[in-house]
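Down below is the structure, laid out as structure tokens.
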Amino acid sequence: MNVNQQDKSVREEISFRVIGIIRSEHTDETHTPIQPVFAKGAPGKAIIDPLFEDGLQDLEGFSHIFLYYYFHQAPPPQLRVKPYLDNVRRGVFATRSPRRPNPLGMSLVRLVRRERSVLFLEDVDILDGTPLLDIKPFIPRFDALANATGGWSTAVDERTAQIEGRRGYGESDPADGNRHGERG
Numbered sequence: 191m192n193v194n195q196q197d198k199s200v201r202e203e204i205s206f207r208v209i210g211i212i213r214s215e216h217t218d219e220t221h222t223p224i225q226p227v228f229a230k231g232a233p234g235k236a237i238i239d240p241l242f243e244d245g246l247q248d249l250e251g252f253s254h255i256f257l258y259y260y261f262h263q264a265p266p267p268q269l270r271v272k273p274y275l276d277n278v279r280r281g282v283f284a285t286r287s288p289r290r291p292n293p294l295g296m297s298l299v300r301l302v303r304r305e306r307s308v309l310f311l312e313d314v315d316i317l318d319g320t321p322l323l324d325i326k327p328f329i330p331r332f333d334a335l336a337n338a339t340g341g342w343s344t345a346v347d348e349r350t351a352q353i354e355g356r357r358g359y360g361e362s363d364p365a366d367g368n369r370h371g372e373r374g
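Using the numbering used here, the first residue of the sequence shown is number 191, and each one after it goes up by one.
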């Protein structure tokens with residue numbers, strides 16, 4: 191028996207309203223960093239629909255914000271996946287893989303400034319053109335947990351995490367003058 195059969199108040203489908211679009215320099219998913227920590231300094235913008243501009247009031251006081259978005263280019267879902275930093279199949283809910291039953295993404299990015307309905311960001315690990323669903327502030331007293339554990343990810347050494355996590359971002363080839371993983 192599935193959840194929807196157990197509780198009639200749970201709907202099988204839910205729709206979301208897109209509140210904006212994310213703009214970034216990442217146009218190729220294979221070279222997009224896997225998390226904001228691996229996208230240090232990567233610029234981006236969240237262009238919010240002017241209908242929601244009033245909802246951005248007071249956001250400037252926060253250094254970091256969570257962006258919730260739709261993985262619009264995600265491959266089909268799988269319940270067991272190989273995470274980017276591991277070669278062992280894991281349950282999708284124990285990973286940050288985009289191959290989810292509900293392809294929702296979340297990134298913690300730095301808020302540089304706001305100009306009306308445009309948020310200027312750094313540490314962006316999101317593909318250009320990604321639909322934005324919601325924004326929430328990072329509040330240290332609520333979000334920073336001293337005793338949190340990282341499951342299987344703690345076994346990944348830092349060097350491997352840095353190399354695999356960047357996926358080429360921030361690397362440059364002196365021969366062609368490219369920086370930040372940009373491709374000619």
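Every residue gets a Cβ at the ideal spot worked out from N, C-alpha and C, and that includes glycine. From a predicted model like this one, the values you see are computed outputs, not experimental measurements.
Backbone secondary structure at Arg373 - three-state DSSP: Low confidence applies here, because Arg373 scores a pLDDT of 23, under 50, leaving its location unreliable and the question unanswered by this model.
Ala336 - partner residues in DSSP beta bridges: Here Ala336 is not bridged, per DSSP, to any residue.
Residue closest to Asp227, alpha-carbon to alpha-carbon, out of Arg300, Gly341, Ser307: According to the sequence shown, residue 227 is Val rather than Asp. Cα-wise, what sits closest to Val227 is Arg300.
Check whether Ile212 and Leu322 have beta carbons under 7 angstroms apart: Result yes, Cβ atoms of Ile212 and Leu322 sit closer than 7 angstroms.
Reduced DSSP category for Arg270 - H, G, I as helix; E, B as strand; rest coil: Correct three-state label for Arg270: strand.
For Phe256: DSSP bridge partner residues: Answer is Leu298, Lys326.
Chain D contact for Pro327 (CB, 7 angstroms cutoff): Looking for chain D here will not work: only one protein chain is present.
Identity of the residues DSSP links to Leu311 by a beta bridge: According to DSSP, Leu311 bridges with Gly234, Leu301.
Inter-residue CB distance, Ala236 and Leu294 (contact presumed, cutoff 8 angstroms): About 16 angstroms separates the Cβ atoms of Ala236 and Leu294, ruling out a contact at the 8 angstroms cut-off.
Other residues of its chain near Phe206: CB distance less than 6 angstroms, five sequence neighbours each side excluded: Here the set comprises Leu323.
Glu305 classed as buried or exposed, judged by whether at least 16 other C-beta atoms fall within 10 angstroms: Here Glu305 is exposed: its Cβ has fewer than 16 other Cβ atoms, across all protein chains shown, within 10 Å.
Helix, strand or coil at Pro240 [DSSP, three-state]: The three-state secondary structure of Pro240, taken from DSSP, is helix.
Residues that DSSP places opposite Ser214 in a beta bridge: DSSP lists Gly234 as partners of Ser214.
Distance, Val278 Cα to Thr171 Cα: One cannot answer for residue 171 here, as it falls past the ends of the chain, which runs 191 to 374.
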